[in-house]
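Each residue of the sequence shown is one higher than the one before, counting from 1 in full-length UniProt numbering. I have placed the structure first, in the form of structure tokens, so that the comments after it can refer back to it.
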Amino acid sequence: AGRRGGGKVLHPKLARGLGDVGVVQLVCGERHSVVLTGDGSLYSWGRGPSGQLGHGDGFGRTEATRIVALQGVPIKQVSTSEHVTVAVAEGGDAYVWGSPG
Numbered sequence: 001a002g003r004r005g006g007g008k009v010l011h012p013k014l015a016r017g018l019g020d021v022g023v024v025q026l027v028c029g030e031r032h033s034v035v036l037t038g039d040g041s042l043y044s045w046g047r048g049p050s051g052q053l054g055h056g057d058g059f060g061r062t063e064a065t066r067i068v069a070l071q072g073v074p075i076k077q078v079s080t081s082e083h084v085t086v087a088v089a090e091g092g093d094a095y096v097w098g099s100p101g
């Protein structure tokens with residue numbers, strides 16, 4: 001599906017760009033996906049016209065790309081909606097990006 005960023009995928013495929021990071025949580029928005037890794041980092045891919053990928057632009061990504069704006073902020077939970085992504089840091093701070101439509 002579009003969440004992988006490359007059209008329809010009819011059989012399971014390994015998500016590119018994650019290497020050996022150790023996925024803890026995977027969440028999917030309407031057309032994007034976000035992964036939380038064991039070290040508290042976030043990676044995203046898919047369509048990003050509203051900034052929901054967290055890379056500071058409206059461009060899509062076809063493979064998982066680390067969200068560098070949160071580098072050094074250990075994340076413990078992440079959630080998505082159609083155009084918004086929300087992350088909660090270990091210290092309890094909430095980070096929100098994207099546009100509600």
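All residues carry an ideal CB built from backbone N, CA and C; glycine is no exception.
Cα-Cα separation between residue i and residue j, rounded to whole angstroms
i, j, result
"residue 90", "residue 38", "12 Å"
"residue 67", "residue 35", "10 Å"
"residue 60", "residue 33", "11 Å"
"residue 87", "residue 73", "10 Å"
"residue 93", "residue 75", "9 Å"
"residue 58", "residue 95", "18 Å"
Beta-carbon contacts of residue i that lie in its chain and below 8 Å, excluding the five residues immediately before and after
i, result
"residue 1", "No answer about residue 1 holds up, because its pLDDT of 38 lies below 50 and its placement is not dependable."
"residue 25", "35, 36, 77, 78"
Under the three-state DSSP convention, the category residue i falls into
i, result
"residue 69", "helix"
"residue 16", "coil"
"residue 10", "coil"
"residue 61", "strand"
"residue 3", "Unreliable positioning characterises residue 3 in this predicted model, as indicated by a pLDDT of 47, which lies under 50. The coordinate reading is nonetheless provided below. Here residue 3 sits in helix by DSSP."
"residue 81", "coil"
"residue 99", "coil"
"residue 87", "strand"
"residue 41", "coil"
"residue 46", "strand"
N-terminal and C-terminal residue of the beta strand (DSSP E) that residue i is part of
i, result
"residue 53", "From DSSP, residue 53 is part of no beta strand (DSSP E); its letter is neither H nor E."
"residue 21", "Looking at the DSSP string, residue 21 is not in any beta strand (DSSP E), and its letter there is neither H nor E."
"residue 92", "Note, residue 92: premise wrong, no beta strand (DSSP E); not H, not E."
Same chain, Cβ closer than 7 Å to residue i, five either side skipped, listed in chain order
i, result
"residue 18", "35, 43, 64"
Same chain, Cβ closer than 6 Å to residue i, five either side skipped, listed in chain order
i, result
"residue 4", "Note that residue 4 scores a pLDDT of 47, beneath 50, so its modelled location is shaky; the value from the coordinates is reported in the next line. Result list for residue 4: empty, nothing under 6 Å."
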